[in-house]
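J.: Please find one structure pasted underneath; my questions will follow.
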Amino acid sequence: MGESVLVTTRSGRLRGSIATSIEGFDYCTFKGIPYAKPPVGELRFKDPVPAEPWSGMRDATEYGTICGQYDYVVSRALQGSDDCLYLNVYVRSIRPEARLPVMVWIHGGAFMFGSADDFLYGPDYLLKKDIVLVTCNYRVGVLGFLNFEDEVAPGNQGLKDQIMVLKWVQENIANFGGDANNVTLFGESAGASSVHYIALSDLSRGLFHKAILQSGVSCNTWACTSNKSSAYKIAEVLGCKSKDPKELVSFLRTIKCHKLVEAQELIRLPQEKLRCIFPFGPGKDDKSKTPLMPVHPSEATKKGVHVPIIIGCNSREGFFSLPGMKQQHFNQLDSNFENYLTDVTKEMIRKNNITPEGLKRLYYGSEKICEENKEKFVDMYTDLQFVEGIHRVVKAQVKRSSAPTYFYRFTYDKDFSLTKSYTNTTLPGASHFDEVQYLFNMQFYEILDVKRPEPGSTGHRIMEQMVEMWVNFAKYGSPTPVLNDLITTYWLPVTNEKIFRTLNIGDDLRMESTFSSSVSFKMKKPVVKTTCGRLRGSIQKSIEDYEYCAFKGISYAEPPIGELRFQDPRPPKSWEGVKEATEFGPCCAQYDQFRRLYEGSDDCLYLNVYTKSIKPKTRLPVMMFIHGGAFTFGCGDDMFYGPDYLLKRDIVLVTINYRLGVLGFLNLEDEIAPGNQGFKDQVMALKWIQSNIINFGGDPDNVTVFGESSGGASANYLGLSPMSKNLFHKAISQSGVALNTWASTPSPKQYAYKLCKSLGRDIHDSQEIVEFLRSIDCIELAKVSEKIRTKEEKKQLLYPFGPGVDDKSENPFLTEPISEASKRGMDIPYLAGYNNREGIYSLSGLQGTPLEEYDNNFPKYLHPHLLDLLKKYNITPDGLRVLYNCHVLTRDNYVEKFADLLGDMYIVEGLHRTIALQVLNKRAPHSYATFLTLGASHFDELPHLFVMRFCETLGVEPLQKGTIAYRIMEQMTEMWTNFAKYGRPTPDTSKLIPIKWAPVTNPTLLRYMNIGHELMMDGMLNVEQRLCRGRPMKNKL
1 MGESVLVTTR SGRLRGSIAT SIEGFDYCTF KGIPYAKPPV GELRFKDPVP
51 AEPWSGMRDA TEYGTICGQY DYVVSRALQG SDDCLYLNVY VRSIRPEARL
101 PVMVWIHGGA FMFGSADDFL YGPDYLLKKD IVLVTCNYRV GVLGFLNFED
151 EVAPGNQGLK DQIMVLKWVQ ENIANFGGDA NNVTLFGESA GASSVHYIAL
201 SDLSRGLFHK AILQSGVSCN TWACTSNKSS AYKIAEVLGC KSKDPKELVS
251 FLRTIKCHKL VEAQELIRLP QEKLRCIFPF GPGKDDKSKT PLMPVHPSEA
301 TKKGVHVPII IGCNSREGFF SLPGMKQQHF NQLDSNFENY LTDVTKEMIR
351 KNNITPEGLK RLYYGSEKIC EENKEKFVDM YTDLQFVEGI HRVVKAQVKR
401 SSAPTYFYRF TYDKDFSLTK SYTNTTLPGA SHFDEVQYLF NMQFYEILDV
451 KRPEPGSTGH RIMEQMVEMW VNFAKYGSPT PVLNDLITTY WLPVTNEKIF
501 RTLNIGDDLR MESTFSSSVS FKMKKPVVKT TCGRLRGSIQ KSIEDYEYCA
551 FKGISYAEPP IGELRFQDPR PPKSWEGVKE ATEFGPCCAQ YDQFRRLYEG
601 SDDCLYLNVY TKSIKPKTRL PVMMFIHGGA FTFGCGDDMF YGPDYLLKRD
651 IVLVTINYRL GVLGFLNLED EIAPGNQGFK DQVMALKWIQ SNIINFGGDP
701 DNVTVFGESS GGASANYLGL SPMSKNLFHK AISQSGVALN TWASTPSPKQ
751 YAYKLCKSLG RDIHDSQEIV EFLRSIDCIE LAKVSEKIRT KEEKKQLLYP
801 FGPGVDDKSE NPFLTEPISE ASKRGMDIPY LAGYNNREGI YSLSGLQGTP
851 LEEYDNNFPK YLHPHLLDLL KKYNITPDGL RVLYNCHVLT RDNYVEKFAD
901 LLGDMYIVEG LHRTIALQVL NKRAPHSYAT FLTLGASHFD ELPHLFVMRF
951 CETLGVEPLQ KGTIAYRIME QMTEMWTNFA KYGRPTPDTS KLIPIKWAPV
1001 TNPTLLRYMN IGHELMMDGM LNVEQRLCRG RPMKNKL
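Just so we're aligned: 162 in the UniProt record's numbering is position 162 of the sequence shown, and the numbers increase by one with no gaps anywhere.
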C-alpha cells in the first residue's frame, strides 16, 4: 500500500489507496464502499435500501464484510455477517473527465457463498486496459433468497442487491472516471446467472448496456430453485412449525446469522446434493410489490436480452460435480437414474422425444455408471446442468434479440485448475471456473503456492487475449473490432439458432460451429472400433445442409516426446473403453505465418476422419489430405480444411497433422538424426488408414493422397518412396512437387549447428546435438528456428529444416537425391497442377526491400537450388530476367512480370518437369495436368475444395450458390473425387463437366485442363523446354 487517493460520492467522501499490480503498474483501489443500508434487524429479508450519507472522510482501504456463509473453498468454517452490502472500485487513476468503460463483476458461488474481494477477483489483469472495475458482495443463501411465495418474503433480495449496485454506479461512477452510459455487467456461474436474471428484468432497464455470461444462465437447472418448501423446512429445523409466513419471517429475524447458515445446510438432502440443487436461490417473485422476475425465468428467457451479450461455457464444467462422489453414489445413480434427473431436465428430454433410459444410453451406451467411467458422468453433468440452458438462451437471443450474441467455448486445460485440484482428477478438459483465472489475479493462488502464467507462455497469452476481448466488448460492443498480433481471429456473432458460431478459446483462438443442444441431444454419437480401441465421434451439420460423422484428434502414432523426439514414429498404444474423438489434436509446434503466433506441441501426431456414414452400402474411396506450410507450419484441422464440400461426393476424407520444421526434418546426415521423420509420420498415417479405415466406411484398396504446396510435394515424395508402396493408389499434387527448389534443404546439418549455437551451445557432435535439442521446449525450438533464418533466406523461400536424403537411416524414406528418384516416376495415376499467378505469394517475402536493392542484388535473393537449376539451363540470373521482360524492375512491372518469374521458377518448372518424367516413364499410368486461372495466387484453389473457418473469422462468407465460384467448387470437387474413385477426373461428361480431361501424352507439349470461368482443354510448352530454348515466357501456346 502507498499513498491515499480521495473521491467524493453522493453519500460522502472516500479515502482509497494506491496499490501496485503484479504487472508492475499502480492503480487506485476503493474497498468496502457501502451501497445500501446494512440489511439487519427488520431489514433482513427485505429489498435493499440506499446507504445513508456519512460525514467526514470514510476509510475505503479494507474490504467490507461478506454475507454469512460456509467457506467452501478453504476452511469449511462459518464466516460473514448480515451486514455485507459493500462494493469495491478499481481504476488506474482518478480522472473524472475520462469517461472510461465500466465493468461490474458479479461473483459466483451457487447463490450460497462467495465474495467480491481479491481472494479470487484481483483487478490486476483487467486494469491493464483503461476501464473502471466494480466488484460487489450481495446476500446469498437464506439471507438473500428466502421465498415464502408471499409479499412478506417473496425472494430474490440477493438479485435486488445487485440492481442497487448498478444504481450506485449510475449515480457515482463518473467521480471515479467511469462512464455511466457504458456499463458492462459480467459474472461467472451463479454470477452469470444473476447477470441473466437482471438483464431479463424490467427493474434494470437503463442501468447497464452490455452483458457477459460465463458458465451460467437463469434457466440452468441449479439457477431456479426458489420454493417455499425450503423456507418452511428451515424454520421447522430451527424450532418454528407455524404455517403463517409473517410469523415465520419474524421468527427467522431473531435467529443469529450463523445459525441460519448452519440450518440451511441441514435441510439439504443427499439426493439434492447429487442433483446439484440448493435450498435457496433465485426464481419467480411475483408476490413482491416490486417483482424482479414476475414469471418463471424459462418464460422470461424467450423474450431475449436486448443488449449485446457474450455467453459461453467451459468444455468440461462437470468436473465441479465430482467432489464427494464415491462408487456408492455412482451405483445409486445407475440403479435410480430417472430419480437423479431434475424436473427441468425431464421436461427438456420429453420435448426432444428422449426417454430417461435413452438419455442414459446417449452418454453411457451399454456401460454401467461407475467410478471407472466418471468422465461420462462429467460430460453428462456438463450438458444437463450447464450447456442445455446456455444453448436455450443463445437460441432465444437469435430469435428475439436485435443485439448481437457472441458465443464461446473455453477449452484450454494446460494450467492449474482449482476445481480439478479439489477432485484430484487428471482427465482432460477445462472445468468450471477455470477461465476466471485469466481475467482476475487470485490471492488464493499464493496460499496454494500456484504460479501464475509466465510471460511468453500459452496461459499468459490466453490471459492477454481474454482481457483484450472482454474489454473490447465493454468498450465497443464487439470483442474483436480489429485484428492484431494478439487477436488473430474475428469473433462473429451467432446468427443461426441450430448451429452456433463459436469462438474456441484454447491453445489458440478458433471459430467453430456448435450444434444447439436441442439438435445434439437427438443425435446418437457414432462409435467406431479401431485396432487400438473404440472411438466416439460426433454428428455435425455441413454448410451444405447435410449431416456427417466427424472423428477428430485420433492418435495414429505414439506421441514423439522425450526420447522419441527426432525418432521414427511408433504405432499408438491401445486404450480401454471408449475414447472421445470430438476435439482436434494439437498441431506441431510452429510459427503460424497466417496468424503470426507460436503454437503447438511435440504431441501432434493426430488425424481426423470425416464420412457421411460409417456404414455405407459399399466401401467409399478414401482421400487423405496433407496440409501445406513449407514443411514448417500448418495443421490438418478445419481452420482451413473443413470437409463440407468434398463429402457431398461420397468419399471418406482424412486430414492429418505431422511433424514440421526441426521436429520433423532434423538431418545431421548420419544414423543418429537422418531426417524425414515428418514424411515417416505421413507413412504411419497411411498405415493407420490401411488398418482402420474400413470401420469408417472407407475402402483401404482405394486411397488417394492429395495435398497443396508442401503437401503436394509430400504426395509426390510419398509416391516415389519405397516405404509407402501399396499404401495408397493415386496422388494429387496442387502447387507443389518434390522437384520444386524449395522442397528440399541444402546442407541441412549446417542449420542444426546454427540452431544449437543460437540456443547457447556451439556443438557439432551429432549425439550431443540430439540430446541437447531434446532438452529444449518445442515452442522455443520453433522460435529460434525462425530467428536463425537470415533476411536473404526468407526472401529466397529457404527454410532451414525440410526434406532430404536419409540414406543413413536404418529405415530410409529416400536413399537418393530427389532428382534421381523422380526419373523413375510414380507407378500410380497422378494429377498435378498450379495456379496462374503462384508468384504473388512469393512477393510477400520481398516486402520491405527497396526495388533498387533487389534490382542490384537479384542473385542474392534466389534460392540456392534455383541458382543450380539456372546453371543446368545455361541461363544467368540476369538472363532469366530478360526472358520475363523485367530486367529493369519498376513499380509497373514489379507485380505482374516478377510474380510470373517467381511462380514459374518456384512452382511451375518443377511441376512441368515432374509431369514430363511421368510421361516418359513407361510404367506410370496416365498423368493429368491442371491450370487454374482468374489471376489465382498460391493457395487460391483451396477454398473451392474445403470450407475454411479462417475465412469466416475474416468476415468472408462461404461460397454462394449461383455464383461462378460455387460452380467452380462443384466442378473441382466432382473431378477430384472422380479421380479418387476411378483414376480419371472425367470418366463421363455432364452438364456440370461438359468436356473430357485428357491425360498428358507428350512431355514437351503438355495438355492441361484450364479451370476458370469455363472448363477448357488447352496446351502449353513445358517450361523446361522454353528455358532450354531461351524463349520468352508466355502462359500457353
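Ideal Cβ placement from N, Cα and C applies to all residues, glycine included. Since we're looking at a predicted model, the values are computed, not measured.
(1) DSSP three-state call for D699: helix, strand or coil?
(2) By the DSSP assignment, the alpha helix (DSSP H) with A396 in it spans what residues?
(3) Does the pairing of the region 755-771 with the region 529-546 give three or more beta-carbon distances under 8 Å?
(4) Return yes when the Cβ of Y438 is within less than 9 Å of the Cβ of I310, no when it is not.
(5) Who are the Cβ neighbours of N695 in its own chain at under 6 Å, not counting the five residues just before and after it?
(6) Determine whether the beta carbon atoms of E262 and M325 lie at a separation below 9 Å.
(7) Checking the sheet assignment: what are the DSSP bridge partners for E599?
(8) For N172, which residues of its own chain have a beta-carbon under 7 Å away from its beta-carbon, when the five flanking residues on both sides are left out?
(9) Take K167 as the anchor and find which of F176, G206, G187 and G191 has the nearest alpha-carbon.
(10) Please determine, among M684, I779, D904 and D806, the residue with the shortest C-alpha to C-alpha distance to Y841.
(11) Looking at Y598 and I776, is the spacing between their C-beta atoms short of 9 Å?
(12) On a Cα-Cα basis, can you pick out the residue from Y197, F416, D117 and Q590 that is closest to G32?
(13) Suppose contacts are defined by Cβ-Cβ distances below 9 Å. Is L660 in contact with G629 by that definition?
(14) Hey, how far is the Cα of S744 from the Cα of G804?
(15) Report the rounded CA-to-CA distance for V5 versus M57, giving the unit in angstroms.
(16) Quick check on the DSSP output: the alpha helix (DSSP H) that includes C756 runs from which residue to which?
(17) With C-beta atoms as the reference, is H296 less than 9 Å away from G283?
(18) Which class does I788 belong to by DSSP, given the choice of helix, strand or coil?
(19) Going by CA-CA distance only, name the one from S17, V195, V394 and H196 that's closest to Y90.
(20) Quick check on G224: does DSSP put it in helix, strand or coil?
(21) How would you label L1037, buried or exposed, when you count the other beta carbons within 10 angstroms and need 16 or more for buried?
(22) How long is the line joining the alpha carbons of V956 and D124, rounded to whole angstroms?
(23) For the structure I just gave you, are there three or more beta carbon pairs, one from the region 912-922 and one from the region 876-888, closer than 8 Å?
(24) In chain order, what residues of the same chain lie with their CB nearer than 7 Å to the CB of residue 1096, ignoring the 5 residues before and after it?
(25) Quick one, are the C-beta atoms of G585 and N657 less than 9 Å apart?
(26) Can V102 and A211 be called in contact, C-beta distance under 9 Å?
(27) So who's on the other strand from G16, going by DSSP bridges?
(28) Please state whether DSSP places L934 in a helix, a strand or coil.
(29) Would you mind working out which of Y966, L781 and V1000 sits nearest Q590, comparing C-alpha positions?
(30) List the whole-angstrom C-beta distance separating V919 from P985, where the pair is believed to meet the contact cut-off of C-beta under 8 Å.
(31) Touch check for the region 693-710 and the region 721-736: three-plus C-beta pairs under 8 Å?
(32) Leaving out the 5 sequence neighbours to the left and right, which residues in its chain are closer than 8 Å to M1 when beta-carbon positions are compared?
(33) To the nearest angstrom, report how far apart E580 and E367 are at their CA atoms.
(34) In the DSSP assignment, the beta strand (DSSP E) including D26 goes from what residue to what residue?
(35) Going by C-alpha to C-alpha distance, which of K573, T632 and T741 sits closest to T531?
(36) Could you tell me the alpha carbon to alpha carbon distance between Y556 and Q567, rounded to whole angstroms?
T.: Taking the structure as given:
(1) On the sequence shown, residue 699 is found 699 positions in, with the first residue counted as 1. D699: strand per DSSP, three-state reduction.
(2) For the purposes of this step, residue 396 is taken as the residue at position 396 of the sequence shown. Counting along the chain, the alpha helix (DSSP H) containing A396 begins and ends at E388 to R400.
(3) no
(4) By 1-based counting over the sequence shown, the position of residue 310 is 310. By 1-based counting over the sequence shown, the position of residue 438 is 438. In this structure, Y438 does not lie closer than 9 Å to I310 by Cβ.
(5) Here residue 695 is taken as the residue at index 695 of the sequence shown, counted from 1. The residues are V528 and K529.
(6) Your numbering for residue 262 matches position 262 in the sequence shown. Your numbering for residue 325 matches position 325 in the sequence shown. For E262 and M325, no; Cβs fall outside 9 Å.
(7) Numbered from 1 along the sequence shown, position 599 holds the residue referred to as residue 599. According to DSSP, E599 bridges with Q590.
(8) Against the sequence shown, residue 172 aligns to sequence position 172. So the list reads T9 and R10, once near-sequence residues are dropped.
(9) Numbered from 1 along the sequence shown, position 167 holds the residue referred to as residue 167. The residue with the shortest Cα to Cα distance from K167 is G206.
(10) As a working note, residue 841 is residue 841 in the sequence shown. The residue with the shortest Cα to Cα distance from Y841 is D904.
(11) The residue given as residue 776 occupies position 776 in the sequence shown. The residue given as residue 598 occupies position 598 in the sequence shown. No.
(12) To locate residue 32, count along the sequence shown from 1; it is residue 32. Minimum Cα distance to G32 is reached at D117.
(13) In the sequence shown, residue 660 corresponds to position 660, counting from 1. In the sequence shown, residue 629 corresponds to position 629, counting from 1. Yes.
(14) On the sequence shown, position 744 is the one that residue 744 refers to. On the sequence shown, position 804 is the one that residue 804 refers to. Cα to Cα, S744 sits roughly 5 Å from G804.
(15) On the sequence shown, position 5 is the one that residue 5 refers to. On the sequence shown, position 57 is the one that residue 57 refers to. Each residue's Cα considered, the two are about 11 Å apart.
(16) Working through the sequence shown from its first residue, we reach residue 756 at position 756. Start and end: P748 to S758.
(17) For the purposes of this step, residue 296 is identified with residue 296 of the sequence shown, where counting begins at 1. For the purposes of this step, residue 283 is identified with residue 283 of the sequence shown, where counting begins at 1. Against a cut-off of 9 Å, the Cβ pair of G283 and H296 comes out as a contact.
(18) By 1-based counting over the sequence shown, the position of residue 788 is 788. The answer is coil: DSSP assigns I788 none of H, G, I, E or B.
(19) As a working mapping, residue 90 is identified with position 90 in the sequence shown. Of the listed residues, the one whose Cα sits closest to Y90 is S17.
(20) Here residue 224 refers to the residue found at position 224 of the sequence shown. In the sequence as presented, Gly is not what sits at residue 224; that position holds Cys. Coil, per DSSP.
(21) One-based indexing of the sequence shown puts residue 1037 at position 1037. Any reading at L1037 is ruled out, since the residue's pLDDT is 27, under 50, leaving its predicted position unreliable.
(22) Here the question's residue 956 lines up with position 956 in the sequence shown. Here the question's residue 124 lines up with position 124 in the sequence shown. Cα-Cα distance, rounded: 36 Å.
(23) no
(24) Residue coverage of the chain in this structure runs from 1 to 1037, which leaves residue 1096 outside it and unanswerable.
(25) Taking the sequence shown and counting its residues from 1, one reaches residue 585 at position 585. Taking the sequence shown and counting its residues from 1, one reaches residue 657 at position 657. Yes, they are a contact pair.
(26) Here residue 102 is taken as the residue at index 102 of the sequence shown, counted from 1. Here residue 211 is taken as the residue at index 211 of the sequence shown, counted from 1. Their beta carbons are not under 9 Å apart, which means V102 does not touch A211 by this criterion.
(27) For the purposes of this step, residue 16 is identified with residue 16 of the sequence shown, where counting begins at 1. Residue pairing for G16: DSSP places it in a beta bridge opposite V5.
(28) As a working mapping, residue 934 is identified with position 934 in the sequence shown. Residue placement at L934 is flagged as unreliable, the pLDDT there being 48, under the threshold of 50; the coordinate-derived value follows with that caveat. DSSP places L934 in coil when its eight states are reduced to three.
(29) Your numbering for residue 590 matches position 590 in the sequence shown. Comparing Cα-Cα distances from Q590 to each of Y966, L781 and V1000, the minimum goes to L781.
(30) Counting from 1 along the sequence shown, the entry for residue 919 is found at position 919. Counting from 1 along the sequence shown, the entry for residue 985 is found at position 985. Not really, about 17 Å apart at Cβ, beyond 8 Å.
(31) Between the region 693-710 and the region 721-736 there are three or more C-beta pairs closer than 8 Å, enough to call the two in contact.
(32) The sequence position of residue 1 within the sequence shown is 1, counting from 1. Per-residue confidence for M1 stands at a pLDDT of 45, beneath the threshold of 50, marking its modelled position as unreliable; the derived number appears in the next sentence. The residues are S17, I18, A19 and T61.
(33) Working through the sequence shown from its first residue, we reach residue 580 at position 580. Working through the sequence shown from its first residue, we reach residue 367 at position 367. Looking at the two C-alpha atoms, the distance is approximately 15 Å.
(34) For the purposes of this step, residue 26 is taken as residue 26 along the sequence shown, with counting starting at 1. Segment D26 to P34, the beta strand (DSSP E) holding D26.
(35) Stepping through the sequence shown from its first residue, residue 531 is reached at position 531. It is K573.
(36) For this step, residue 556 is matched to residue 556 along the sequence shown. For this step, residue 567 is matched to residue 567 along the sequence shown. Distance between the alpha carbons of Y556 and Q567: 15 Å.
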